[in-house]
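Participant: Just so you know, the working numbering puts 357 at position 288 of the sequence shown, and the rest follows in order with no gaps.
Beta carbons: idealized from backbone N, C-alpha and C, even for Gly.
Predicted model, so just to flag it, every value in this text is computed and none were measured.
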Amino acid sequence: MSTAVQTQPNSQEGKGRIVALCGGVGGAKLAFGLSRVIGSDLTVVVNTGDDFEHLGLLVSPDLDTVLYTLGGIANKELGWGRADESWNFMEALRHLGGEAWFQLGDRDLALHVERTHQLRTGVSLTEFMAMAAERHGIASKILPMCDDPIRTMLATSEGMLPFQRYFVERRCAPEVNGIVFEGAGEARPSAQVTAALQSPDLRGIVICPSNPFLSIDPILATPGIRKLLEGARVPVVAVSPIIGGAAVKGPTVKIMAELNVPATSRAIAQHYGGLLHGLVIDEVDAADSAGIGGRVHAAPTLMKSDEDRERLAREVLGFVDLIAADLQTKARALG
Ligand code: GDP
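Below is the structure:
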């Protein structure tokens with residue numbers, strides 16, 4: 070078993086639950102910070118729109134990024150996968166002429182084999198991830214957005230592409246002109262996600278700085294989730310993934326340009342429409358805050374170190390509590 074993440078005892082625990090909506094690398098950084106600050110009071114609801122079947126195995130890239138990041142074993146050099154990885158399986162696969170465009174390290178492979186095996190015996194993805202999180206010593210809950218398949222498909226200049234073909238195999242080169250979440254119509258909501266969002270001791274809902282189109286929209290397209298956010302009596306706060314007109318990493322800005330959306334935090338706020346009570350933007354974009362409706366908090370949002378992640382998590386929690394106090398005052402005034 071790997072080393073448990075030490076959640077430092079602190080005054081932030083016990084103030085109620087936070088649900089964080091999260092994609093992969095960008096979102097997981099803030100989820101890590103939140104998990105350090107509030108430990109078992111955090112539930113991370115993770116995008117599974119990028120999941121696919123490969124070599125007979127179920128691959129869940131964002132769930133695994135969150136699992137490895139919160140477990141303190143993410144591969145920081147590669148930006149994906151596990152630390153301390155070896156590549157014997159890939160070498161042998163290449164030797165056999167197998168499909169080698171999607172990399173699976175040896176240790177990572179064990180997770181994939183075991184998950185696929187357990188799912189075939191009737192265990193749900195939610196149950197499997199709860200077991201895996203416990204094995205990795207993670208106090209926070211990691212929930213897939215849904216146990217039924219919802220798959221992100223991109224309408225591109227090269228035709229319809231499943232997310233991983235676009236992202237990994239084609240390295241985001243094709244132009245995107247539309248995004249579809251296949252299966253969202255038929256999927257059943259997850260009881261665990263619904264319960265988390267309806268928790269009587271919910272403190273707030275945080276939309277992590279993930280790609281709004283590819284990581285957060287699939288979560289919002291999952292039956293029931295958008296409605297629960299719309300009806301939330303607690304603050305819903307997002308952290309912008311855009312810093313100074315650029316994305317820290319990945320195709321967010323390229324896709325925004327292709328969909329004719331300006332690369333600004335204001336556009337992020339507009340994208341989330343009426344869902345948000347507040348948006349955290351980077352301090353370099355502080356001048357933009359006037360054009361954004363609702364409450365705006367400017368802070369350093371670039372998370373390079375674990376300390377940056379924890380500091381931003383504390384800022385976000387402070388912002389959530391500030392808005393909660395506002396909402397209470399308003400509710401009292403309405404009598
Ligand atoms: P993916 O599924 O692995 O692409 O990861 P996400 O969707 O969760 O994250 C991608 C987004 O995270 C990109 O738009 C980045 O700009 C954003 N991002 C990555 N690191 C940071 C960071 O340190 N701060 C902020 N504000 N955004 C970040």
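Output the distance between the C-alpha atoms of A359 and V305, rounded to the nearest integer angstrom.
Facilitator: So the alpha carbons of these two residues sit roughly 19 Å apart.
Participant: Under 8 Å: does the beta carbon of G314 sit that close to some heavy atom of the ligand GDP?
Facilitator: Checking every heavy atom of the ligand GDP against the Cβ of G314, none is found closer than 8 Å.
Participant: Does DSSP put P238 in a helix, a strand or coil?
Facilitator: One point to set straight first is that residue 238 is Glu, not Pro, in the sequence displayed. It is helical.
Participant: Is there contact here, the region 202 to 211 with the region 145 to 156, by at least three beta-carbon pairs under 8 Å?
Facilitator: No, the region 202 to 211 does not touch the region 145 to 156.
Participant: Which residues in the same chain as C241 place their Cβ atom closer than 6 Å to its Cβ, once the five residues preceding and following it in sequence are excluded?
Facilitator: Excluding sequence neighbours, C241 sits near P320.
Participant: Unbroken alpha helix (DSSP H) runs of length 4 or more, entirely within the region 192 to 264: which are they?
Facilitator: Runs of the alpha helix (DSSP H) inside the region 192 to 264: 194 to 204.
Participant: In terms of alpha-carbon separation, which member of I361, A382, G362 and G363 lies closest to P369?
Facilitator: P369 has its Cα closest to that of A382, out of I361, A382, G362 and G363.
Participant: So is the beta-carbon of P231 under 8 Å away from any non-hydrogen atom of the ligand GDP?
Facilitator: Every heavy atom of the ligand GDP is 8 Å or more from the Cβ of P231, so no.
Participant: Skipping 5 residues on each side, what residues in its chain have a beta carbon closer than 8 Å to that of P78?
Facilitator: Unreliable placement is indicated for P78, whose pLDDT of 44 sits below 50; no coordinate value is reported for it.
Participant: Flag V192 as yes when its Cβ comes closer than 8 Å to any non-hydrogen atom of the ligand GDP, and as no otherwise.
Facilitator: V192 Cβ: outside cutoff for every heavy atom of the ligand GDP.
Participant: Taking 8 Å as the line, does the beta carbon of C215 fall inside it for any heavy atom of the ligand GDP?
Facilitator: Because no heavy atom of the ligand GDP lies under 8 Å away, the Cβ of C215 does not count as near it: no.
Participant: According to DSSP, which residues form a beta bridge with C277?
Facilitator: According to DSSP, which records beta bridges pairwise, C277 is partnered with nothing at all.
Participant: With C-beta atoms as the reference, is V317 less than 9 Å away from L371?
Facilitator: Result yes, Cβ atoms of V317 and L371 sit closer than 9 Å.
Participant: Less than 8 Å separating the Cβ of I311 from some heavy atom of the ligand GDP?
Facilitator: Result yes, Cβ under 8 Å from the ligand GDP.
Participant: Is the beta carbon of S309 closer than 9 Å to that of I285?
Facilitator: In this structure, S309 does not lie closer than 9 Å to I285 by Cβ.
Participant: Leaving aside the five residues before and after Q75 along the sequence, list all residues of the same chain whose C-beta is less than 8 Å from its C-beta, in chain order.
Facilitator: Since pLDDT at Q75 reaches only 43, below the 50 mark, its modelled position is unreliable, and the value read off the structure follows with that caveat. Closer than 8 Å at Cβ, skipping near neighbours: no residue.
Participant: How is the alpha helix (DSSP H) around D351 delimited, first residue to last?
Facilitator: Looking at the DSSP string, D351 is not in any alpha helix (DSSP H); the run it does join, the beta strand (DSSP E), is G347 to D351.
Participant: Go ahead and label A169 buried or exposed: buried means 16 or more other beta carbons lie within 10 angstroms of its beta carbon, across all protein chains shown.
Facilitator: Result: exposed.
Participant: Helix, strand or coil, according to DSSP, for I87 in the structure here?
Facilitator: Strand at I87.
Participant: Tell me which same chain residues have a C-beta within less than 8 Å of the C-beta of T185, skipping the five on either side of it?
Facilitator: Result list for T185: G125, L126 and L127, in chain order.
Participant: Which of the three DSSP states is assigned to T112 in this structure?
Facilitator: In the structure shown, T112 sits in a strand (DSSP, three-state: E or B).
Participant: Under the assumption that L212 contacts V113 (Cβ atoms under 8 Å), give the Cβ distance between them as a whole number of angstroms.
Facilitator: Their Cβ separation, rounded to whole angstroms, is 7 Å, which keeps L212 and V113 in contact under 8 Å.
Participant: Give a single yes or no on whether G102 has its beta carbon closer than 8 Å to a heavy atom of the ligand GDP.
Facilitator: The answer is no for G102.
Participant: Assign I392 to one of three DSSP states: helix, strand, or coil.
Facilitator: Reduced to three states, the DSSP call for I392 is helix.
Participant: Any contact of the region 264 to 280 with the region 78 to 96, i.e. 3+ C-beta pairs under 8 Å?
Facilitator: Yes, since at least three Cβ pairs between the region 264 to 280 and the region 78 to 96 fall closer than 8 Å, the two stretches touch.
Participant: Would the region 373 to 380 count as touching the region 323 to 341 if we require 3 or more Cβ pairs under 8 Å?
Facilitator: With the cut-off at 8 Å, the region 373 to 380 and the region 323 to 341 do not touch.
Participant: Can you name the start and end residues of the beta strand (DSSP E) that L126 belongs to?
Facilitator: Run containing L126: L126 to V128, per the beta strand (DSSP E) assignment.
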